[in-house]
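Reading the sequence shown from the start, the letters are residues 13 to 151 in this note's numbering.
Quick notes on the structure that follows.
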Amino acid sequence: TAALRAAAACDPSDAAALTNLGSHLITAGDAAGAVDALREAVARTGPARPKEYAEANFNLGIALRRAGDVDGAARAYQATLSVQPTHADAHLNLGVALQASRPDVAVRAFEAARAPGHAQSTQIRAAIDAIKQQRQQEQ
């Protein structure tokens, strides 16, 4: 962690170092630290650097969800999708984030995540079916 922090501090324009630090902090269980690093990475990249912006936002979404900010996570996944609309894992995570609060949007996100051969296609189908079943029971 110290080496990643040093690398991030070395070059203020190096968003990749901050994204790497944020990813490491997620893995280490420091969601708050990851959120800070990844927000800075997002600010340093911006949509003009779509690949880096998408990666930083995707990881920010993971960190925010682990920190308990589901709405913030959804916004981060949506930012990822704004520059990489076919990012299947961002669609999947957006669906998970919105499953309880906005089931219609979650179903659309899950449907978009169902790329051919996606490793979690069975789980995605099950989530879609569960939401549809719940909606039928509520009617």
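C-beta: ideal position from N, C-alpha, C; glycine also.
| Asked | Found |
| --- | --- |
| Three-state secondary structure (DSSP) of residue 40 | coil |
| Cutoff 8 Å; reference residue 51; Cβ partners in own chain excluding five residues on either side | 72 |
| Environment of residue 134 [buried if 16+ CB atoms lie within 10 Å] | exposed |
| The segment 87-95 / the segment 43-62 touching (three or more Cβ pairs under 8 Å) | yes |
| Residue closest to residue 83, alpha-carbon to alpha-carbon, out of 99, 108 and 36 | 108 |
| Collapsed DSSP secondary structure at residue 90 in the structure displayed | helix |
| Where residue 97 falls: helix, strand or coil (DSSP) | coil |
| Straight-line gap, residue 57 to residue 45 (C-alpha atoms, nearest Å) | 19 Å |
| Inter-residue Cα distance where the pair is residue 42 and residue 118 | 27 Å |
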